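In UniProt numbering, the protein residues as written are 1 to 489.
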């Protein structure tokens, strides 16, 4: 901004500062007047020039004159000497001191128009500097649309240039990125795509300068270009992310491979695998939302029996709630796996798989009102989690407990023990089906697709191999616990 000190430094004017105001006032305009009451016509930041035609040298009215200009927050008073007064009147000088309003002397033969032109020149130079600065910001913002600059960095650049707080919104109220201190209330929304699903929210008070408006326009264009570019190649890009996510979840690729598709993408210290289940159209709508960073780690959609579909997503292990909320907003059911290091994602997948049977299934799709069902593998099984924390060695902890109960049916035995049961998986699935059907053998046999007599023979083998009877509540509890511990471990 143009300031009073810059005006006083113009050598051709010969202005003399008689009384300083608070700081170095910024100039907005210049006005010439001989009126005594001018405050109602001012907006603040003006220089008021006068020759004192209406007041005498000792008139006490000078105090009221200065008081009114002080209330109007003028930048300074310029007094022209040698026309109506040979010197600046003492009451004017005292009033300027009392109200802390800057006062300077304009000597003869300097005309007021020369001061006005000087102020106009300073304002014009300031506007040019602001325009050049805004242009540089705009160029950086537009360049970011072709580069890999994060949306949060784009928002920070806009905020620094305009003093506004901004956020990038998706859907009704999901915040993809924002500047620090952004408050949604009262924010202006700018659509970045044709359907309005992606918007730029702008918060802040006071009028925007033309340069600030142009910076926001350039930033909106940069963000919009980036989004449209992403959507233009969305199908191929999604296929790449699906393939990569599937390989990471099954342990084929290390989690760090994600940097291949997004250089600079850093996975959090802990992650979780989330199974998302629901109607195929709801899964599709959830997947189509704009995504950034780790949110893009979504596997391919799997069609299930009964008109259901399922997909897997990798989320932040310490802060999974935003991703979970986004899934629930689409009316989708989900199972959140245990928090693990990125290298342990297959363990998180297994913990989620073990709880999939607890999801409500197809019937929930038609419930009114529809309510998403969320299961947390670690939060909903605190006792099992406590046991798992004991360790995973063959000598102690969950593995040792499961081996003690299941014997030849345990995973530890299957890992190389000569005494392992060759039909271990078949018998463990039978045992799990019995538990899922609350011990009712008819539904269990139907779920397995076998005859009741075949089920009875398998139960006899299970009881012989484990040394436990399914007719005993205590034995059933031990067998259930051993199976669940192995699934989570």
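Cβ atoms here follow ideal geometry from the backbone N, Cα and C, with glycine treated the same way. Values in this document were obtained by computation on a predicted structure and should not be read as measured data.
Check this for me: beta carbons of residue i and residue j, under 8 angstroms apart or not?
i	j	result
residue 312	residue 299	yes
residue 352	residue 335	yes
residue 79	residue 47	no
residue 261	residue 223	no
residue 277	residue 316	no
residue 104	residue 36	no
residue 176	residue 169	yes
residue 405	residue 337	no
residue 89	residue 121	no
residue 465	residue 409	yes
residue 292	residue 151	yes
residue 297	residue 241	yes
residue 314	residue 283	no
residue 324	residue 279	no
residue 318	residue 257	no
residue 164	residue 204	yes
residue 357	residue 436	yes
residue 328	residue 400	no
If you run the structure through DSSP and keep just helix, strand and coil, what is residue i?
i	result
residue 104	strand
residue 316	strand
residue 152	helix
residue 440	coil
residue 162	helix
residue 291	coil
residue 199	strand
residue 450	coil
residue 484	helix
residue 476	helix
residue 333	strand
residue 182	coil
residue 190	strand
residue 253	coil
residue 75	coil
residue 20	coil
residue 459	helix
residue 31	strand
residue 307	coil
residue 49	strand
To the nearest angstrom, report how far apart residue i and residue j are at their CA atoms.
i	j	result
residue 359	residue 331	13 angstroms
residue 394	residue 244	Any answer about residue 394 is weak, because its pLDDT of 49 lies below 50 and its placement is not dependable; what the coordinates show is given next. Cα to Cα, the separation comes out at about 33 angstroms.
residue 214	residue 155	14 angstroms
residue 430	residue 481	15 angstroms
residue 440	residue 253	42 angstroms
residue 444	residue 456	11 angstroms
residue 5	residue 216	31 angstroms
residue 199	residue 342	32 angstroms
residue 91	residue 159	46 angstroms
residue 70	residue 197	49 angstroms
residue 321	residue 460	45 angstroms
residue 411	residue 486	7 angstroms
residue 77	residue 157	38 angstroms
residue 49	residue 181	42 angstroms
residue 187	residue 202	5 angstroms
residue 39	residue 68	6 angstroms
residue 123	residue 267	50 angstroms
residue 237	residue 447	39 angstroms
residue 442	residue 451	9 angstroms
For a test of your reading of the model: does the CB of residue i fall under 7 angstroms from any non-hydrogen atom of the ligand MN? Yes or no.
i	result
residue 477	In the structure shown, the ligand MN is absent, as is every other ligand, since no ligand is present at all.
Is any beta-carbon of chain B found at less than 8 angstroms from that of residue i?
i	result
residue 290	Although the question refers to chain B, the structure presented lacks it and comprises just one protein chain.
Closer than 6 angstroms by C-beta to residue i: which residues in its own chain qualify, once you throw out the five before and the five after it? Chain order, please.
i	result
residue 302	310
residue 377	337, 338, 351, 352, 355
residue 44	73
residue 66	95, 96, 99, 101
residue 246	299
residue 84	51, 52, 53
residue 463	469
residue 434	444
residue 402	410, 482, 485, 486
residue 454	none
residue 259	265
In its own chain, which residues sit with a C-beta less than 7 angstroms from the C-beta of residue i, not counting the 5 before and 5 after it?
i	result
residue 491	Not covered by the structure: residue 491. The range shown for the chain is 1 to 489.
residue 458	427, 430
residue 526	The chain is shown from 1 up to 489; residue 526 falls before or after that span and cannot be answered.
residue 60	91
Among the residues of its own chain, which have a CB less than 8 angstroms from the CB of residue i, if the five just before and after it don't count?
i	result
residue 346	249, 250, 251
residue 119	2, 7, 27, 29, 30, 47
residue 467	407
residue 281	none
Can you find at least 3 beta carbon pairs, one from the stretch 18-32 and one from the stretch 110-120, that sit closer than 8 angstroms? yes
Does the stretch 52-60 come into contact with the stretch 11-27, if we say contact requires no fewer than three beta-carbon pairs (one atom in each stretch) closer than 8 angstroms? no
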